[in-house]
Structures are given as C-alpha cells and as structure tokens.
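Sequence lines, in order, name chains A and B. Position one of the first sequence corresponds to residue 1 (the UniProt record's numbering), numbered consecutively onward. Position one of the second sequence corresponds to residue 1 (the UniProt record's numbering), numbered consecutively onward. Each remark here refers to the structure printed beneath this line.
Protein chains: 2
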Amino acid sequence: MDTTQRTDQQRSADRRRRELLEAADRVVLRDGPQASMNAIAAEAGITKPILYRHFGDKGGLYAALAKRHTDALLDSLRAALDAPADRRERVEATLDTYLAAIEARPQVYRFLMHPAEGSQVGDQGFDVGKHSAPLLRRMGEELAQVIEDRLDLGPGSQQLARVWGHGIVGMMHAAGDWWLGERPCSRAELVRSLADLLWGRLAAAGDKVGGPGF
Amino acid sequence: MDTTQRTDQQRSADRRRRELLEAADRVVLRDGPQASMNAIAAEAGITKPILYRHFGDKGGLYAALAKRHTDALLDSLRAALDAPADRRERVEATLDTYLAAIEARPQVYRFLMHPAEGSQVGDQGFDVGKHSAPLLRRMGEELAQVIEDRLDLGPGSQQLARVWGHGIVGMMHAAGDWWLGERPCSRAELVRSLADLLWGRLAAAGDKVGGPGF
DNA sequence: ACTTGCGTGTTACTAGCGGTAACACGAGTG
DNA sequence: CACTCGTGTTACCGCTAGTAACACGCAAGT
Chain A
1 MDTTQRTDQQ RSADRRRREL LEAADRVVLR DGPQASMNAI AAEAGITKPI LYRHFGDKGG
61 LYAALAKRHT DALLDSLRAA LDAPADRRER VEATLDTYLA AIEARPQVYR FLMHPAEGSQ
121 VGDQGFDVGK HSAPLLRRMG EELAQVIEDR LDLGPGSQQL ARVWGHGIVG MMHAAGDWWL
181 GERPCSRAEL VRSLADLLWG RLAAAGDKVG GPGF
Chain B
1 MDTTQRTDQQ RSADRRRREL LEAADRVVLR DGPQASMNAI AAEAGITKPI LYRHFGDKGG
61 LYAALAKRHT DALLDSLRAA LDAPADRRER VEATLDTYLA AIEARPQVYR FLMHPAEGSQ
121 VGDQGFDVGK HSAPLLRRMG EELAQVIEDR LDLGPGSQQL ARVWGHGIVG MMHAAGDWWL
181 GERPCSRAEL VRSLADLLWG RLAAAGDKVG GPGF
C-alpha cells in the first residue's frame, strides 16, 4: 500500500511485461502473425489468462509489440532525416535507412505490414490492418512536419506538406514491399530510382514513340 | 455426358456462383470483412457446405469477390491512362479516377484494402493482407508497363519503370487512404498536389530557414 | 500466531469460427 | 426398377479468443 511497495510491484510487473513481450516477439517471428495466444503463453512459460491480464486482449498485445518496432524504426528514420547534408542526400539517406531496416529484419517488417502472410486455415491472425496503418500514418505525419518546417512551399504549404508526406511514405512503402519480394535490383539502385522519381525525372523524360499528345 | 447437358449444368452452376457472390457482396459490405461464412450462406439462403463446394475455402470466396471489384477498377484506370491528352493531364486523370472510385464506394475500398476494419473480438475476418497486395501489385505492374512502353528513360529503363510504377501506385494508395479518412481537402486539390510532387516540385522548392546544408 | 487481503498462477470452461464427413432428396438414364 | 449424380442438409471436429472460478504465497494488521 505504501509507496515503496507499490513501486516494487510496479517494477516487477513491468519486468514481467517486458519478458512477455520478448517471448511474444520470438513466437511471432517464428510462427508468423497467426501465432496463437496459447503458443505465446507457452513460450513465456505461463498460461493464457496472465497474458490477458497484462495486455487486455490480442489487439493490446499486438499493439504493444508493434509499438516497440515502430518506435525504433521511426527513431532511425528521424536520425537520417535530420542528418546535416543537402536535401537529396537526406532523402536518399532516409529511403536507404527504411529499406535497410526492412531488409535486415524482413520478418519484423512482414509482421508489421502483412499480418496474415503465412496463414492458411483458421486464420485468426493479428488484425494488423488496424495497426499497420498507424505506422504508415505516423511516418506520413512526421515527414509532413519535416517538409512543412523546412521547405518554403508558398500558400497552402501545410496541406501540401501533408499530402506529400503521406504520398512519399506510401511510395517508399510500396516500392520497398515490392523490392523485398522480388529483389530486382540493389538497394542503392532502388534508392536512386525513387529519388529520381521525386526529383521530377518522370516529367522530364521524353516520349518514346510519336503520337498525338504523346 | 453429352455436351448440351454439360453446358446446361455449367451454366446453372455459373449462375448460382454469381448469385452467391452477390449475396457475399451484400453481407461483406454490410457487416465488414469479418462477415462469417455462416452469415454469407444465410444471406444467400443456403448453408455453408454449398459455399465451400463453390469456392473451396474462405480465401477462394474472397479472391472471387475481390477479383470483380479489382478488375472493374483496373479497367477504368486503364481508360484514364490511355486517354488522348498530354502526360500531366493523363496522370491527373488517372489519379482522379482512382480517388473517385474509392470515394464513391468506400466500403468496397475498405474491404479490399483494410480487411479487419470493424472487427473487435474473434476477428476471423478475411486475410486481405494476402489479397490486397495483389491489387496494388497488379496496378504497379500495369503502370510500369505503360511507363516503359511510352517513356524514353535511357538505359535500365525497364527496371526504372517498374520501380516507378510500384512507387507511384503506393503514393496514390497511401495518399488516397489518408485523404479518405480525413478529407483534408477536395479531390481536385489532392490530385494537383500529388501531380506537383511527381513533377519535381519537392526538389524545386526553396529552403525555409537558413542553415548549413539546408 | 492467526487472519485478511492481494498479486500471481492455474484449470476448466464458453461461444464462435472455418471446414468437413455423412446422409437425404429429386431428376434423368440404362 | 435400380443407378448415378447434382444439390442440399444436419451434425460434427478442431481450433481459436476470451473468461470465470478456484488455489498458492507472501506481506501487513491485530
């Protein structure tokens, strides 16, 4: 009841929670996102109700799990975005950081973005649809803030920055997802191609064959 | 055994299949993607095993359901992409077509892209993660083909076109998703902002405040 | 020392899901 | 009349998320 005791208990609970999260991480990374609560509990050496006491429901556990990876990724992206270099270099560094992250830990990435990847039957996997969006949204909003803070876009800059933030994040995400699956080129080439796209090479390219408006 | 009879039966089966798909469509659009096979069967006025005989499993039914909407969307996108106009106009028309589609039928869109949106408990919803990707991939590949066919990109054009195809589709998708949720601006403004981004306005913008490399 | 409370853990259960086996009716065919 | 074959059903399995109810241990209060 007194404060010190409460603190002790709280600490112990926090440690337990961390242990449970680490166990969940192992299972999810091994079995994919359709890992059952039973399996996670077993990995942690305890039984289901304890998991539910700590995380409420499966969504809660997933959210806690996702937050760890999400925060880590966002931290490294912020670092790349804040590096002292010119704009194109920073953009390329940020793209490369993101791609390096998903390349280094594809299981984590697939867990965050592609929930029911390995599922085939019952499929009560995590409903990541609900939770992967937040990651993309957070990245979009953060990028929008950076754009608005640092670029002079004239009137309507806030709205423009937000559109661009979400659009660029989506571009990075989709291209990265495709690249991770097919590996059609090196990471550096992908980064360069995307930066070229953002730098207007699409508009600047010439037409290939003659045609009316073409 | 004879051909006419087989044809009759096949026709009847196809009609039945269409009816079932329409019933499934109604249920999914009403109950969200976590609609149960039982509910779909009930809406169609039959029982589960018939559904399974027609579609194999839940994924099969979803795939058939998704294919209808996906094909329709891709058709209208192709039309916009092929319109006789200059490049920027075509890009804007395509973006606008996509956004108009998701704006007009947001339930369909959310079903295709955000599987477990309304789920809260058991959540054995469709695993759209597995099936939404194909839509984005198809759009990316088609766009890549168009880009490669019509633009003169110099050496490495095929790879560049594919990166751009998937990247642009991802940009459109993410921006559209965000826009559909928050409606921060009109559709036309969004289209214009995205086209501006593709036209290199990000690179062309000036810095806002003085700084070393900034 | 005895009881009271509380945190931690368990077993045993419910409700609902996807999916399937086994059976039943109806129509055309030898 | 028997025989198949398509269409439909009921009744079940195994699995899941999530929950009640009970049991141990340990510190505090009297």
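Ideal placement from N, C-alpha and C gives every residue a C-beta, glycine not left out. Note that the coordinates shown come from a computational prediction; the quantities given were computed from them, not determined experimentally.
- A distance below 7 Å between beta-carbons, with the five flanking residues on each side excluded, links B/T94 to the following residues of its chain, in chain order: L77, A80, L81.
- Using a Cβ-Cβ cut-off of 8 Å, B/L197 is close to V163, W164, G167, I168, L198 of chain A, given in chain order.
- When 9 Å is used as the limit between beta carbons, B/Q107 is near no residue of chain A, the shortest such separation being about 15 Å.
- In the DSSP annotation of this structure, the continuous segment of the alpha helix (DSSP H) that includes A/G165 starts and ends at 157-182.
- CA-CA distance, B/D149 to A/R183, rounds to 22 Å.
- Burial is judged here by how many other beta carbons sit within 10 angstroms of a residue's own beta carbon; A/A13 has fewer than 16 and is exposed.
- Identification of residues in the UniProt DNA-binding region "H-T-H motif" (36-55) of chain A having a C-beta nearer than 7 Å to some C-beta of chain B yields an empty set.
- Neighbours of A/G206 in chain B, taken as residues at a C-beta separation under 8 Å, are given in chain order as L151, D152.
- Just so you know, the alpha carbons of B/P155 and A/P155 end up roughly 39 Å apart.
- Distance from the CA of B/A144 to the CA of A/H173, rounded to the nearest whole angstrom, comes to 17 Å.
- Taking B/L20 as the centre and dropping the five residues before and after it, the same chain places the C-beta of A44, L51, H54 closer than 7 Å to its C-beta, in chain order.
- Counting other Cβ atoms within 10 Å of its Cβ, B/K48 stays below 16 and is therefore classed as exposed.
- In the structure shown, B/G59 adopts helical secondary structure according to DSSP, grouped into three states.
- Under DSSP, the beta-bridge partners assigned to B/G206 are A/D152.
- Look at A/S186: its C-beta is not under 8 Å from any C-beta on chain B.
- Contact between the segment 195-209 of chain A and the segment 25-35 of chain B is absent: fewer than 3 CB-CB pairs across the two stretches fall below 8 Å.
- If you check the CB distance, B/L112 and B/H166 do not come in under 8 Å.
- Taking C-beta atoms as the reference points, A/A101 and A/L73 count as a pair closer than 8 Å.
- Residue state for A/Q145 is assigned as helix, using DSSP reduced to three classes.
- Interface flag for B/Q159 against chain A is set, since a Cβ pair is found closer than 8 Å.
- According to the DSSP assignment, B/D196 belongs to the alpha helix (DSSP H) that extends over 187-198.
- Looking at the backbone, the Cα of B/Q159 and that of B/A35 are separated by about 40 Å.
- Note on geometry: alpha-carbon atoms of A/W199 and A/A42 lie some 51 Å from one another.
- Interface residue (Cβ-Cβ distance to chain B less than 8 Å): A/A175 is classified as such.
- Using beta-carbon distances, A/G140 counts as an interface residue toward chain B, with a partner under 8 Å.
- Not one beta carbon of chain A lies nearer than 8 Å to the beta carbon of B/A93.
- Interface with chain B (8 Å Cβ-Cβ cutoff): A/L180 is excluded.
- Rounded to whole angstroms, the gap between the alpha carbons of B/E141 and A/R18 is 42 Å.
- Counting every other CB atom within 10 Å of its CB across the protein chains shown gives B/P106 a total below 16, marking it as exposed.
- Within its own chain, the residues whose Cβ lies closer than 6 Å to the Cβ of B/Y109, once the five positions on either side in sequence are excluded, are I102, listed in chain order.
- Sorting B/L99, B/A64, B/I46 by C-alpha distance to the C-alpha of B/L180 places B/L99 at the top.
- For A/A203, a Cβ of chain B is located within less than 8 Å of the residue's own Cβ.
- Judged by DSSP secondary structure, B/Q107 falls within the alpha helix (DSSP H) whose first and last residues are 106-113.
- Each residue's CA atom was taken as its position, placing A/D71 and A/A63 some 12 Å apart.
- Counting only the Cα atoms, A/I168 lies some 11 Å from A/I147.
- The Cβ atoms of B/V191 and B/E92 lie closer than 8 Å to each other.
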